[in-house]
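Numbering (the numbering used here) for the sequence shown: 620 to 1405. One structure below.
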Amino acid sequence: MKTTITIYNYLLALLLVLCSICASAKAQTKALPTPQKKVQIFGDAYFPPYDFINEEGQPDGFFVDLTKAVMNELSLPYSLQLINWSEAMKKVQDKKGDLLIGISYSEGRSKMFKFCGSLIYLSQSAVYRKGQSPVMSLKDLSGKKIVVENQGIAQHLLSIEGFTKNVSTVDKVSEGFDLLSKGHYDVLVCDYETSSYVLFKKTYSNLEMTDLQLASQLYSFAGNDEVMLAKIDWAIQRLKAKGIYNELYNKWFNKYPFKWAKQVVISIVILILVALLLWFFNILLRRKVNKAKLQLDEKNRQLLLALHAGGIFVWGYDVKKNLLFNIECDYFPPEGIAPDKDIVYYHPDDREFLLHTIKEVAKGNIPKEPICVRMNREGSNEWKYIEKEFSCIRDKAGEVITIIGTHKDVTERHRMQSLLEESVQKMAFAIKNANLVLWEYDVNTGLLKSYNEPINDYNDSTLLKSNDFLKYGHPDDLTLINDAFRSMRERSDKPFSINLRLRYKPDGEWRYCIIAGTSFIKNSKTGDVIKYVGLRRDVTEMTLVNKKLEEEKIKAQEADKLKSTFLANMSHEIRTPLNAIVGFSNLLDSTSDPEERAGFVKLINTNSGLLLQLINDILDLSKIESGILDIHNDVFNFSDAFEELHQSFLSRIENPEIKFICDNKYKTFNVCIDYNRTMQILTNFITNALKYTKEGYIKMSYFKENDGLKIIVEDTGIGIAKEKSDRIFKRFEKLDNFAQGTGLGLSICKAIIRACKGDIGFDSEEGKGSTFWAWIPCEIMEIVEK
Ligand code: ADP
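Okay, structure coming up:
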């Protein structure tokens, strides 16, 4: 096989030589370099690994070695210079050089130079700084600052692709690498092998490269002399046949490690790391799983313990099979039982409800609250209250396949709850019937919650602010209420009790209340009081009764005092006329003088009259006390009675300083009233006027007023001091202890007027006189004026 290739190579070389000889015959005659004349060869001073000046300043690279081998093969003397590429091209173009080494083929260049046959192909790479977005294709170059070698093939290819504006050039590719590394440009486009070589050799640690997807370019020798180029082709074939070409190729292109090797190493390392990590995670995961399993077991154990401790049993219901089965209980037979068979253990009133609930849960309708049913499996006399909760397991379609239920005996709780409800009801009943208000005050919110509160219309859910509560308090008691609220706000631990007046409605009556309160709930950490509770008692009735009792007591005490005074007075009032009667009666026998005897008789009569009046007053008083003061109305002519009374008093008035006036405007004044009582009032008024008037006049008058009779007695006596005026009509009340009288007259008048449903009063000015009046409602039949 190898031999065939070698023969083929020879034939090809021979063909090329023949062709070139034919071509040279036709071509213009060009002077071949004479053996003495050196072939002037030019190349790029920096295009490693193809042609470049090495660190010792010597030309080096694949093309340099190849050129040397070719020239040697052709036995041609030559001079090789590596200079700037553009200069090198110019030299050969200007015929100052014969041969260019390491030149890419392009259409443009093919017009300037003749090219050797194919040699190697170049592909282009993009070099950029690490950290920048990678340049994978031509698209990624747009908008970037690109640098290329001046007149290099990269510049040519980019211009074909339309990249001209953002492309800058450097004379040497090495400059391009430097400037790129320093950040002057974004991308350097150059031959792939060159980039690999530079990045491998030089320490541009901040650069990396990718293959730029551009068409590969033929890379070869070029010059002006086709014959020489044909020879070079032939020589290259020879070198290839000898294996020298491959040696050179391998020397330059296979001597630095392949990229993929690096990648493979990295991949292996990564794989190992991943494997290690996976192994580590596996161990970690296993440990976690084991730990979680242990925890789960422990939790399961705790759950079971909790279930047992809480008296909770767990059961299941297979919806398809319609069977109840045990999970954490032993209610059902091992093969399970249908709910409608097991239902016999439940209270008849609860059976339908329980079966219905199970059916609903099977449809996915789980009750929001646990249900409570009565059950009796033991056959005892008592029903147990069982609380049941439900959850369900569904299949992929969402259908309930199993119901999981709990079962808890709450009989004791139920009993306690019933007791509690009963107690609460009793308490509520007691509070309501005792007219109490139960209140609680939350210090943190400042809100007052009351039970059985008339202020809130007995609505227990209404909350009041402390300020709102103040509105119901009596203005005089606001300080008390404020003090109580302040003490609660200061979280005082002292119980308190205040008496105050409240009004449940803005226009309601004031109610007397006692509010008692005490701290109730405290903060467990700070010990601060959070809530107060207390009771409010409405003691209005009791307070009013007490007040009345107090008043009655004072009255009784006063009455007692007055009665004592009365008795003292009585002994004096009775003895005085009695002594006079007894004394003057005895004296009657001792004298025969008719004048003297007449004087004694008169005195006896006067004192008898006084004694009789006194006894009548006492009798009237006893009637008033026992409530049997009767009023007997008769029709009579008041005018006549009035005149008669005036006459009877007129005869008795001895004081010439007093004018006793009878103001009677009527001839006939027929009324229907109690004659005796009306005359008693009038008599009393006149008697008093006579008693307390030393000079001036006493005037008695009457007239009709508002469907009644008004009687008036006016005098110019001593009058009554204002401060004493409210005592005038009270029993046993005598303003002047030395004056004659029992202090009963006016109080009897008032009692009579009250019985007649009339009115009585007086106007008086001390030292000037008094006017006493009484109005008696009555029918007035006839009035005829005089
Ligand atoms: P008495 O029988 O003591 O007069 P009354 O009840 O009739 O008792 O009168 C009560 C008191 O009222 C008298 O003690 C007297 O001080 C006073 N009083 C009554 N009438 C007059 C009057 N016309 N002028 C001045 N004081 C009077």
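All residues carry an ideal CB built from backbone N, CA and C; glycine is no exception.
Not a single heavy atom of the ligand ADP lies less than 7 Å from the C-beta of D1345. Excluding residues up to 5 positions away in sequence, D1157 lie with their Cβ nearer than 6 Å to the Cβ of N1054 in the same chain.
Between I1300 and A1374, the CB-CB gap reaches or exceeds 8 Å.
Closest by C-alpha distance to L741, out of S1245, E812, H1191, S1344, is E812. I739 sits in a strand when the DSSP states are folded into three classes. If you compare the alpha carbons of Y965, I1020, L973 with that of E1001, the shortest gap goes to Y965. Under the DSSP definition of a beta bridge, F1009 partners with G1024. Taking 7 Å as the cut-off, one finds no heavy atom of the ligand ADP near enough to the beta carbon of D1095. Here the C-alpha atom of T1137 lies approximately 46 Å from the C-alpha atom of G1024. In the DSSP assignment, Y838 falls within the unbroken beta strand (DSSP E) covering 836-842.
For M755, the three-state secondary structure derived from DSSP is coil. One Cα belongs to T1361, the other to K1318, and the distance between them is close to 24 Å. By the criterion of at least three beta-carbon pairs nearer than 8 Å, the stretch 1022-1041 is in contact with the stretch 935-955. Taking non-hydrogen atoms of the ligand ADP into account, the C-beta of K1318 is found less than 7 Å away from none of them. A Cβ-Cβ separation of about 15 Å leaves L818 out of contact with V754 under the 8 Å criterion. Assignment of F1203 by DSSP, reduced to helix, strand and coil, places it in the helix class. Sixteen is the threshold: since fewer than 16 other Cβ atoms of the shown chains lie within 10 Å of the Cβ of S886, the residue is exposed.
In the DSSP annotation of this structure, the continuous segment of the beta strand (DSSP E) that includes F1288 starts and ends at 1285-1292. Three or more pairs of CB atoms, one per stretch, sit closer than 8 Å, so the stretch 1258-1278 contacts the stretch 1287-1300. The residue among F932, V893, V883, S815 with its C-alpha nearest the C-alpha of S793 is S815. For K733, the pairing in a beta bridge is given by DSSP as G842. Under the DSSP assignment, P958 falls in the alpha helix (DSSP H) whose first and last residues are 958-961. Judged by the Cβ position, K1278 fails to qualify as a neighbour of the ligand ADP at the 7 Å threshold, every heavy atom of the ligand being at least this far.
Between G795 and V789 a beta carbon distance of about 5 Å is seen, short of the 8 Å cut, so the two are scored as contacting. Taking non-hydrogen atoms of the ligand ADP into account, the C-beta of G1362 is found less than 7 Å away from one of them. In the assembly as shown, R1346 is an exposed residue. Its beta-carbon has fewer than 16 other beta-carbons within 10 Å. Nearest C-alpha to S756 among Q700, E780, F1391, V767: E780. Selection E1384, F1348, K1015 evaluated against I1372 yields F1348 as nearest (Cα-Cα). Annotation: the continuous beta strand (DSSP E) that includes E1401 extends over 1398-1404. Nearest in C-alpha terms to I1399, of all of R1120, G1327, E1263, R996, is G1327. Counting only the Cα atoms, K1323 lies some 50 Å from N1205.
By the criterion of a C-beta distance shorter than 8 Å, L1248 is surrounded in its chain by D1239, K1242, A1370, I1371, A1374, once the five residues flanking it on both sides are discounted. Within the same chain, Cβ atoms closer than 6 Å to the Cβ of L1233 are found at E1192, the five residues on either side in sequence being excluded.
With fewer than 16 other CB atoms across the displayed protein chains lying within 10 angstroms of its CB, C1291 is exposed. At a Cβ-Cβ threshold of 8 Å, Y1316 and I1277 count as neighbours. Here V789 carries a strand assignment [DSSP, helix/strand/coil].
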